[in-house]
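For the sequence shown, full-length UniProt numbering begins at 1 and goes up steadily by one.
The beta-carbon is built from N, C-alpha and C at its ideal position, and this holds for glycine as well.
Data block below; observations after.
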Amino acid sequence: MGEVPALDVPLITPYKMGNFQLCHRVVLAPLTRQRSYGNVPQPHAILYYSQRTTKGGLLISEATGVSDTAQGYPETPGIWTKEQVEAWKPIVDAVHAKGGVFFCQIWHVGRISNTGFQPNGQAPISSTDKMPTPQIRSNGTDVARFTPPRRLSTEEIPQHVNDFRLAARNAMEAGFDGVEIHGAHGYLIDQFLKDQVNDRTDKYGGSLENRCRFALEIVEAVSEEIGADRVGIRLSPFANYMESGDSNPEALGLYMVESLNKYNILYSHMVEPRMKTVGEMAESPHSLVPMRKAFHGTFIVAGGYGREDGNKAVAEDRADLVAYGRHFLANPDLPKRFELDAPLNKYDRSTFYISDPVVGYTDYPFLDETIHAQVK
Ligand SMILES: Cc1cc2nc3c(=O)[nH]c(=O)nc-3n(C[C@H](O)[C@H](O)[C@H](O)COP(=O)(O)O)c2cc1C
1 MGEVPALDVP
11 LITPYKMGNF
21 QLCHRVVLAP
31 LTRQRSYGNV
41 PQPHAILYYS
51 QRTTKGGLLI
61 SEATGVSDTA
71 QGYPETPGIW
81 TKEQVEAWKP
91 IVDAVHAKGG
101 VFFCQIWHVG
111 RISNTGFQPN
121 GQAPISSTDK
131 MPTPQIRSNG
141 TDVARFTPPR
151 RLSTEEIPQH
161 VNDFRLAARN
171 AMEAGFDGVE
181 IHGAHGYLID
191 QFLKDQVNDR
201 TDKYGGSLEN
211 RCRFALEIVE
221 AVSEEIGADR
231 VGIRLSPFAN
241 YMESGDSNPE
251 ALGLYMVESL
261 NKYNILYSHM
271 VEPRMKTVGE
281 MAESPHSLVP
291 MRKAFHGTFI
301 VAGGYGREDG
311 NKAVAEDRAD
321 LVAYGRHFLA
331 NPDLPKRFEL
341 DAPLNKYDRS
351 TFYISDPVVG
361 YTDYPFLDET
371 IHAQVK
């Protein structure tokens, strides 16, 4: 059995994403790992990200808080203080040293929080004052507890748009190549986008145009700050995590990508409709293809992909790049394994979110040299 020539593996072909020359199309999806003690990135993240770096590979960081009201999970990193920016630098340097391209995913959880995560025990902020019902966390055991959110007044919104701008500036200061605005999965931006959550009557609620205003103001501010050629956004119009569904996801997704075209941002990163929850797949009649066709920039897809359907998505031009979450978490050398069609390590869900600096984090094995030899 000869080594599969790279040309037969669509995922392992070069792609020019704006000014970035990528050597393959296997992207590290943003993955919250809850190992950033006190909201500060830790030295063990240097090894974690560097293990997953390849020359000309795109990595997206775990969701990173834009301000002191942005958190809703323990030990998640931020990028609003000098200390956090300094702590990101050696991690970014390590990715660059191996030739990787590194984007920082910037987020605000909005109402997916409680007073315990907020400064001075204040209420979490949101588009609404409706509280989500308690949810089983993705680890399958813990229950996320929420406290009633406070609906932002119209006048307060620009200050939160500005927090994303400052976070993007800080990400540049830390050395990142760009930022991905987290507009997916029921967090603050999605709480404005989706009509199941957004019950506002001001210019940020009601019509599609109004519900998308907050997201697009953030896109505009961040693009002005660091250049649209360094800006991506993640959207999940079809998902309804944390009670964030929409009555017309197709129209929402299309309106967003068409509006994004006006800002000329680098990429749109869309979560597949089949991802019913963060960790589960379900059959869906919907497709991202209309959005792919409408969007002028790089189109990244994610959600439940393996080697075969990732190759197919690229070969059929349904995506430029494919982001992998759980497989990349468990296979630090995922692009190599895809190139060789080598077997994959299984991921261990029970260690996704534990705070251990090694276990379930940097201890997944690389492709064994003997397997490597067999494939050749
Ligand atoms: C442990 C874990 C953490 C995640 N953290 C984030 C995150 O920080 N930001 C985000 O946008 N999505 C997050 N996701 C969703 C993934 O990026 C991805 O969309 C999802 O896992 C589906 O892709 P997959 O089937 O390749 O795993 C997370 C998923 C997992 C399993």
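Please report how far the alpha carbon of residue i lies from the alpha carbon of residue j, in whole angstroms.
{"i": "F338", "j": "S113", "result": "38 Å"}
{"i": "D246", "j": "K194", "result": "5 Å"}
{"i": "K55", "j": "F328", "result": "16 Å"}
{"i": "residue 378", "j": "L252", "result": "This structure does not reach residue 378, given that the chain is present from 1 up to 376, and the question cannot be answered."}
{"i": "A87", "j": "S67", "result": "16 Å"}
{"i": "G304", "j": "A313", "result": "12 Å"}
{"i": "H96", "j": "E258", "result": "33 Å"}
{"i": "Q122", "j": "E209", "result": "30 Å"}
{"i": "T100", "j": "C23", "result": "The sequence shown places Gly at residue 100, rather than the Thr named in the question. Taking the straight line from one Cα to the other gives about 10 Å."}
{"i": "K342", "j": "I181", "result": "With the sequence shown as reference, residue 342 is identified as Ala, and Lys is not the correct amino acid for it. Distance between the alpha carbons of A342 and I181 is about 33 Å."}
{"i": "F214", "j": "R292", "result": "22 Å"}
{"i": "K376", "j": "L340", "result": "Confidence is the limiting factor: at K376 the pLDDT is only 45, short of 50, which leaves the residue's position unreliable and the question unanswerable from this model."}
{"i": "V179", "j": "D229", "result": "10 Å"}
{"i": "F176", "j": "I79", "result": "12 Å"}
{"i": "G306", "j": "A184", "result": "21 Å"}
{"i": "D317", "j": "H108", "result": "32 Å"}
{"i": "A45", "j": "Y15", "result": "27 Å"}
{"i": "F192", "j": "T13", "result": "37 Å"}
{"i": "G2", "j": "N311", "result": "In this prediction, G2 scores a pLDDT of 45, lower than 50, which makes its location untrustworthy; no coordinate-derived value is stated."}
{"i": "V9", "j": "E308", "result": "9 Å"}
{"i": "D333", "j": "R52", "result": "6 Å"}
{"i": "A144", "j": "V197", "result": "18 Å"}
{"i": "Y204", "j": "E156", "result": "12 Å"}
Within 10 angstroms of the Cβ of residue i, are there 16 or more other Cβ atoms? Answer buried if so, exposed if not.
{"i": "L367", "result": "buried"}
{"i": "S268", "result": "buried"}
{"i": "V359", "result": "exposed"}
{"i": "H296", "result": "exposed"}
{"i": "I233", "result": "buried"}
{"i": "A282", "result": "exposed"}
{"i": "P273", "result": "buried"}
{"i": "S284", "result": "exposed"}
{"i": "P158", "result": "exposed"}
{"i": "S50", "result": "buried"}
{"i": "A315", "result": "exposed"}
{"i": "T154", "result": "exposed"}
{"i": "Q71", "result": "buried"}
{"i": "D356", "result": "exposed"}
{"i": "T370", "result": "The pLDDT assigned to T370 is 45, lower than 50, so where the model puts this residue is not dependable; a value taken from the coordinates is nonetheless given after this. Counting Cβ neighbours within 10 Å, T370 comes out exposed, since fewer than 16 surround it."}
Taking the alpha carbon of residue i as the point to measure from, which residue in the options has its own alpha carbon closest?
{"i": "R35", "options": "D8, A63, R111, E156", "result": "A63"}
{"i": "S126", "options": "Y73, G304, A70, L188", "result": "L188"}
{"i": "R165", "options": "A221, K130, D190, D129", "result": "A221"}
{"i": "P335", "options": "T128, Q42, G57", "result": "G57"}
{"i": "E225", "options": "N170, D356, F146", "result": "N170"}
{"i": "V27", "options": "D229, Y353, E250, V322", "result": "V322"}
{"i": "F146", "options": "R111, H185, P41", "result": "R111"}
{"i": "L59", "options": "I157, A282, I300", "result": "I300"}
{"i": "C104", "options": "P14, P119, P30", "result": "P30"}
{"i": "N345", "options": "Y353, R326, R318, E250", "result": "R326"}
{"i": "P132", "options": "P10, R274, E243, G310", "result": "E243"}
{"i": "L47", "options": "N311, W80, K98, Y73", "result": "K98"}
{"i": "A168", "options": "G65, N264, Q51, P134", "result": "G65"}
{"i": "N162", "options": "M275, E217, N39", "result": "E217"}
{"i": "T128", "options": "D202, V143, Y37, Y364", "result": "D202"}
{"i": "D190", "options": "I265, H160, Y241", "result": "Y241"}
{"i": "Q118", "options": "Y73, V271, D142", "result": "Y73"}
{"i": "A319", "options": "D142, S287, Y347", "result": "S287"}
What residue range is occupied by the uninterrupted beta strand (DSSP E) comprising residue i?
{"i": "V107", "result": "Checking the sequence shown, residue 107 turns out to be Trp, not Val. Looking at the DSSP string, the run of the beta strand (DSSP E) that includes W107 is 101-107."}
{"i": "K336", "result": "Note, K336: premise wrong, no beta strand (DSSP E); alpha helix (DSSP H) at 334-340."}
{"i": "H44", "result": "Looking at the DSSP string, H44 is not in any beta strand (DSSP E); the run it does join, the alpha helix (DSSP H), is 44-51."}
{"i": "K293", "result": "Unbroken run through K293 is the alpha helix (DSSP H), 289-294; no beta strand (DSSP E)."}
{"i": "A302", "result": "298-302"}
{"i": "L22", "result": "20-22"}
{"i": "R234", "result": "231-235"}
{"i": "E75", "result": "Where E75 is concerned, there is no enclosing beta strand (DSSP E), given that its DSSP letter is neither H nor E."}
{"i": "residue 378", "result": "Nothing about residue 378 can be read from this structure; the chain reaches only from 1 to 376."}
What first and last residue would you give for the alpha helix (DSSP H) that runs through residue i?
{"i": "Q84", "result": "82-97"}
{"i": "I189", "result": "188-193"}
{"i": "H160", "result": "157-174"}
{"i": "G310", "result": "307-315"}
{"i": "L321", "result": "Run containing L321: none in the alpha helix (DSSP H); it sits in the beta strand (DSSP E), 321-324."}
{"i": "K262", "result": "249-263"}
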